[in-house]
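As structure tokens, the structure follows; a few thoughts come after it.
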Amino acid sequence: MNTLALTAVEQDMLDGGRGAGVAMAMRMVVALAGVLGAARLIPITNAHIDSCLYHGQAGLDFAQKLAGLGATVSVPTTLNTSSLDLLHPGLVRLPPEDAVPARALMDAYRTLGARATWTCAPYQSTQRPAFGEDIAWAESNAIVFANSVLGARTERYGDFIDICAAITGRVPFAGLHLPERRRPTVELDCRALPAAMLDHEAVWAALGDVVGRQAGSAVPLLTGIDPDLVDEDKLKALGATAASSGGVALFHVSGVTPEAIEAAGDPAWAGLPVVAITAQMLRAARDELSSGADLSLPVDAVALGTPHFSLREFEKLSVALAGTEPFHPGCTVWINTSREVLAQAQEAGLVQQAQDLGAKIVVDTCTYITPILGPQERTVMTPSGKWAWYAPMNIGVDVVFGTLEECLASARAGKVIRDERQWS
Amino acid sequence: MSDNGAECTISGTTLCAGEASGQLLVLAEPLSFWGGTDRKTGLIIDTHHPQHGASLAGRVLLMDASRGSSSSSSVLAEQIRAGVGPAAILLTARDVILALGALAAAELYGTHMPIVLLDSAGAALLRREDTPKRNSSSVLKIASLHVSVQAGGDGNAVVAFPAHVAPGPADPVTKRGTP
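Chains A and B, in that order, give the protein sequences. If you count by the numbering used here, then the first sequence holds residues 1 to 424, one letter each, in order. If you count by the numbering used here, then the second sequence holds residues 425 to 603, one letter each, in order.
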């Protein structure tokens with residue numbers, strides 16, 4: 001086995017000098033270092049916790065034990081989506097045997113000192129990690145965004161270790177914390193994609209689906225994309241879907257993402273194996289993400305905001321909805337967002353219009369991880385690749401994947417409206 | 425413990441220490457514990473998985489690595505708590521997600537489910553033993569191969585199983601008599 005070298009402070013944590021809760025967290029961090037074969041630990045500046053979503057008694061026991069032993073987080077720590085919408089009681093139809101422990105789990109993480117953000121998009125917060133910071137983030141879409149778009153450094157953390165890293169402020173020096181592991185290993189040449197097509201977030205999600213399938217858990221470098229066409233919502237859609245169809249935790253876009261800009265001209269980034277990406281591959285991904293759905297059936301719901309809707313996406317929605325008809329009475333438009341972004345959007349006057357047309361807002365959780373949709377909502381349209389990937393398995397719906405404009409037109413008509421011009 | 429009084433052993437690396445034994449279950453495809461297995465029963469519920477409906481409970485799982493969500497750590501820990509988890513897991517990659525589930529269960533409940541890293545030759549040998557094979561006139565169904573796993577805290581792990589079929593000279597195993 002490797003020999004892990006601990007600093008005096010880290011050894012003191014492990015030995016219980018900082019309390020039994022810190023010692024328990026440090027035992028987990030040290031054990032993980034052993035699994036990874038790491039030689040030392042490094043300090044982190046920030047943590048994002050996914051363990052606050054209820055998956056059974058063991059997760060609750062773990063959080064309550066840490067809290068009971070007096071542990072608290074030692075770095076700024078945000079919380080991922082939970083199973084409940086605390087601002088809209090009654091929206092989530094979770095049976096009491098799950099709702100009660102799910103609520104207790106949320107309370108335990110607040111007791112541990114984490115901020116009640118309840119969002120899968122902590123990168124939309126005004127306070128977010130900076131370039132080069134080592135952090136411990138869980139939740140696959142947040143991990144890939146932090147690594148790729150912010151240039152912060154996090155391994156793929158998950159349940160149990162996220163909170164232990166937050167408490168100890170340490171992670172094993174391994175994986176994507178190592179500079180050499182962050183270099184691209186495959187080039188995905190996107191120059192054949194028409195610029196007009198890249199206007200739509202959903203097209204970026206389809207691109208993410210292709211990226212995930214091509215790259216697996218490797219580090220892809222996307223080339224041939226005009227930087228002026230890119231914004232954070234599109235990179236969010238790309239990363240979230242690539243982390244669903246594959247295990248992508250870091251991607252680079254030439255001329256766009258910070259490490260790609262910094263590495264311009266670096267020979268280590270040249271001479272990679274190249275895969276050409278075509279518009280046809282994106283259309284195939286669109287159709288694959290819609291698999292199983294009968295396109296002639298009524299559209300019962302539209303799911304927006306996976307990952308959570310940003311303020312800019314509320315602005316785009318507001319523009320798209322200006323002067324339009326109300327949604328079809330048989331179709332509910334659901335918008336998932338964080339309570340922080342919702343407050344900003346409400347203050348900016350960007351929410352009422354959608355609600356007047358029939359949209360419903362969900363915060364703190366998401367429509368694909370907990371029972372919110374009614375039993376009559378069977379066919380659901382979404383521009384989210386991640387929602388399309390997971391909702392059929394999680395909540396048993398059929399999904400039609402399309403652009404925001406296609407989704408809104410379909411919501412007004414109550415049936416699937418395709419606009420092939422957006423996909424060519 | 426074995427038909428002919430001999431057993432094969434494969435050495436591996438301890439990812440999570442513990443001792444266990446059970447019938448081998450070789451996963452034909454990667455599996456996400458979250459969404460793919462039932463946390464209350466240990467059954468494979470992923471309808472796309474070729475072993476849909478099989479139970480993980482008490483089995484020694486052989487798989488390359490898990491796939492998908494990091495919430496699988498919680499699901500594995502919950503299955504261990506509820507007594508419907510695997511007896512042991514044998515991997516060919518350092519799978520952090522599964523290791524964390526086992527580490528958390530050990531921390532909370534003192535239940536030490538071993539996880540062992542095998543090299544590809546060792547895993548291939550177990551896979552070969554697992555496939556039903558014809559032995560003269562009788563078909564030896566070794567899908568129920570009984571495997572014992574000892575994963576020591578010093579990093580050294582041993583996987584042992586009955587030597588139904590003598591390994592070829594190239595196989596990375598040693599044969600030893602049963603005491």
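From the three backbone atoms N, C-alpha and C, an ideal C-beta is built for every residue, glycine too.
If you measure from the CB of residue i, is any heavy atom of the ligand NAD nearer than 7 angstroms?
| i | result |
| --- | --- |
| Met393/A | This structure does not include the ligand NAD; it has no bound ligands of any sort. |
Among the options, which one has its Cα closest to the Cα of residue i?
| i | options | result |
| --- | --- | --- |
| Ser496/B | Val30/A, Gly158/A, Leu6/A | Gly158/A |
| Arg421/A | Pro329/A, Ala279/A, Leu94/A | Ala279/A |
| Val22/A | Val9/A, Asn394/A, Gln57/A | Val9/A |
| Ala138/A | Asp209/A, Ile163/A, Asp85/A | Ile163/A |
| Thr516/B | Pro454/B, Gly509/B, Ser445/B, Arg505/B | Pro454/B |
| Gly34/A | Gly576/B, Phe585/B, Ala587/B | Gly576/B |
| Ser456/B | Asn394/A, Ala388/A, Leu289/A, Ala31/A | Asn394/A |
| Leu66/A | Thr168/A, Val100/A, Arg40/A | Thr168/A |
| Val230/A | Ala205/A, Leu198/A, Arg213/A | Leu198/A |
| Pro194/A | Val203/A, Leu188/A, Ala121/A | Val203/A |
| Ala104/A | Gln64/A, Gly90/A, Ala142/A | Gln64/A |
| Leu87/A | Pro375/A, Arg181/A, Thr365/A | Thr365/A |
| Ala547/B | Gly509/B, Leu486/B, Ala530/B | Leu486/B |
| Leu41/A | His48/A, His55/A, Cys52/A, Met26/A | Met26/A |
| Gly466/B | Ile504/B, Ala584/B, Leu569/B | Ile504/B |
| Arg93/A | Pro375/A, Val341/A, Gln352/A, Glu201/A | Pro375/A |
| Leu550/B | Leu480/B, Phe585/B, Ala526/B | Phe585/B |
| Pro538/B | Asp519/B, Arg552/B, Glu553/B | Asp519/B |
Would you report the Cα separation of residue i and residue j, rounded to the nearest angstrom?
| i | j | result |
| --- | --- | --- |
| Leu532/B | Ala136/A | 22 angstroms |
| Ala320/A | Glu405/A | 7 angstroms |
| Leu350/A | Ser310/A | 11 angstroms |
| Ser82/A | His177/A | 27 angstroms |
| Leu150/A | Arg463/B | 35 angstroms |
| Ser384/A | Arg153/A | 25 angstroms |
| Pro326/A | Thr367/A | 22 angstroms |
| Glu490/B | His328/A | In the sequence on display, residue 490/B carries Ser and not Glu. Going from the Cα of Ser490/B to the Cα of His328/A covers about 42 angstroms. |
| Asp50/A | Leu112/A | 14 angstroms |
| Pro307/A | Ser544/B | 38 angstroms |
| Thr59/A | Val499/B | Residue identity differs from the one stated: residue 59/A is Gly in this sequence, not Thr. Those two C-alpha atoms are separated by around 9 angstroms. |
| Glu492/A | Val171/A | Since the displayed chain A opens at 1 and closes at 424, residue 492/A lies outside it and no answer follows. |
| Ile372/A | Leu84/A | 10 angstroms |
| Leu542/B | Asp578/B | 16 angstroms |
| Val73/A | Arg110/A | 10 angstroms |
| Ala430/B | Leu32/A | 36 angstroms |
| Ala47/A | Ser125/A | 13 angstroms |
| Thr403/A | Leu79/A | 29 angstroms |
| Ala102/A | Glu502/B | 14 angstroms |
| Leu514/B | Ala452/B | 14 angstroms |
| Val144/A | Pro43/A | 20 angstroms |
| His472/B | Thr77/A | 37 angstroms |
| Pro179/A | Thr117/A | 30 angstroms |
| Ala441/B | Ala523/B | 10 angstroms |
| Leu53/A | Val29/A | 21 angstroms |
| Thr370/A | Pro220/A | 32 angstroms |
| Glu443/B | Arg483/B | 13 angstroms |
| Ile566/B | Leu36/A | With a pLDDT of 43 at Ile566/B, under the threshold of 50, the modelled position of that residue is not reliable, and the figure given next carries that caveat. When rounded, the distance between both Cα atoms is 33 angstroms. |
| Ser561/B | Val583/B | The predicted position of Ser561/B is uncertain, since its pLDDT is 45 and thus under 50; a value taken from the coordinates is nonetheless stated next. So the alpha carbons of these two residues sit roughly 29 angstroms apart. |
Let's see if you can read the secondary structure: which residues bound the alpha helix (DSSP H) around residue i?
| i | result |
| --- | --- |
| Cys164/A | 161-168 |
| Tyr389/A | Rather than Tyr, the amino acid found at residue 389/A in this sequence is Trp. Looking at the DSSP string, the run of the alpha helix (DSSP H) that includes Trp389/A is 385-395. |
| Gln352/A | 352-356 |
| Val380/A | It is not in any alpha helix (DSSP H) - Val380/A instead sits in the beta strand (DSSP E) that spans 379-382. |
| Ala25/A | 20-36 |
| Ala240/A | 232-245 |
Within the continuous beta strand (DSSP E) that includes residue i, where are the two ends?
| i | result |
| --- | --- |
| Ile47/A | Contrary to the premise, residue 47/A reads as Ala rather than Ile in this sequence. First-last of the beta strand (DSSP E) with Ala47/A: 47-49. |
| Asp398/A | 398-401 |
| Gln447/B | 442-450 |
| Leu221/A | 220-223 |
| Val9/A | Not the beta strand (DSSP E): Val9/A falls in the alpha helix (DSSP H), residues 8-15. |
| Ser572/B | 570-575 |
| Ala130/A | Here Ala130/A belongs to no beta strand (DSSP E), and DSSP marks it neither H nor E. |
Point to revise | 4-residue-minimum alpha helix (DSSP H) runs that sit fully inside the region 63-128 of chain A, ordered along the chain | key: 96-111
Check your understanding: Hey, which unbroken runs of the beta strand (DSSP E) at 3 residues or more fall wholly within the region 135-217 of chain A?
Key -> 170-172, 186-189
Check your understanding: Where are the alpha helix (DSSP H) runs, 4 residues long or more, that stay fully inside the region 516-562 of chain B, in chain order?
Key -> 520-533, 544-554
Check your understanding: Counting only runs that start and end within the region 288-349 of chain A, where is the alpha helix (DSSP H) found for 4 or more residues in a row?
Key -> 311-321, 339-347
Check your understanding: At which residue ranges does the region 248-276 of chain A contain complete beta strand (DSSP E) runs of 3 or more residues, listed in the order of the chain?
Key -> 274-276
Exercise for review: Taking only runs that begin and end inside the region 456-519 of chain B, name each unbroken alpha helix (DSSP H) of 4 or more residues, in chain order.
Suggested key: 457-460, 496-506
Exercise for review: Decide if the region 374-388 of chain A is in contact with the region 236-253 of chain A; the criterion is three or more beta carbon pairs, one per stretch, under 8 angstroms apart.
Suggested key: yes
Exercise for review: Evaluate contact between the region 331-341 of chain A and the region 354-363 of chain A, counting only Cβ atoms and requiring at least three cross-stretch pairs below 8 angstroms.
Suggested key: yes
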